[in-house]
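Asks: In full-length UniProt numbering, the protein residues as written are 1 to 193.
#1: Are the stretch 16-34 and the stretch 88-99 touching by the rule of at least three beta carbon pairs closer than 8 angstroms?
#2: Where does residue 104 land, buried or exposed, given buried means 16+ other C-beta within 10 angstroms?
#3: Under a three-way DSSP split, which group does residue 158 fall into?
#4: Between residue 16 and the rest of its own chain, which residues show a CB-CB distance below 7 angstroms, the 5 nearest in sequence each way excluded?
#5: Compute the distance between the beta-carbons of residue 3 and residue 71, then report whether it is under 8 angstroms.
#6: Fully enclosed by the stretch 25-62, which beta strand (DSSP E) runs are 3 residues long or longer?
#7: Is the stretch 107-124 in contact with the stretch 53-72, if contact means three or more CB pairs nearer than 8 angstroms?
#8: May I ask which residues mark the beginning and end of the alpha helix (DSSP H) holding residue 119?
#9: Could you check what DSSP says for residue 153 in three-state terms: helix, strand or coil?
Given below as structure tokens:
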């Protein structure tokens, strides 16, 4: 069964890290899965989008369309995107058949301390406008399926919460948890005989 796991949260809240870990876990248990990072997809667009509310909504809805296309082909889709506005997330929730929202809850100060690219600092001094968490709002989800507290929890604990939800909903079968190394490096396919 296909589904979409949508990671949302402030910049540097842990979305990409957790989405990659989930992707590798699902690959290791032989699921067909595709990972979409909102920043990477935004960078590949032929017409660059701004960070206005309208363009952020458009970007979030396009990601939802891509996820639905993957789901229609039987592929699990994992999306890591800020998606700061509740109405965009609700649109995708209504559109996608099996939509699982994972809120990466993290205080702005902690997210900013993780920012290796200095984007928060640039936003604070006015070099970047419309920056979520500084000059633009992030509307926290009211009822996400899973909340991970990335300031407090180890990555393994957050991943375990997500997997437990997917297992409880019977979207994946319970499987032994792989070691951290196995989650980072998916196993090689065995050569055909």
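All residues carry an ideal CB built from backbone N, CA and C; glycine is no exception.
Quantities reported herein were computed from a predicted structural model and do not represent experimental measurements.
Replies: From the atom records:
#1: no
#2: Reading the chain shown from its first residue, position 104 is the one you call residue 104. Flag for residue 104 reads buried.
#3: The residue you call residue 158 lines up with position 158 of the chain shown. Of the three classes helix, strand and coil, the one that applies to residue 158 here is helix, per DSSP.
#4: Looking up residue 16 in the chain shown gives position 16. Here the set comprises 37, 80.
#5: For the purposes of this step, residue 3 is taken as residue 3 along the chain shown, with counting starting at 1. For the purposes of this step, residue 71 is taken as residue 71 along the chain shown, with counting starting at 1. Yes.
#6: 33-37
#7: no
#8: The residue you call residue 119 lines up with position 119 of the chain shown. Run containing residue 119: 119-124, per the alpha helix (DSSP H) assignment.
#9: For the purposes of this step, residue 153 is taken as the residue at position 153 of the chain shown. Here residue 153 sits in coil by DSSP.
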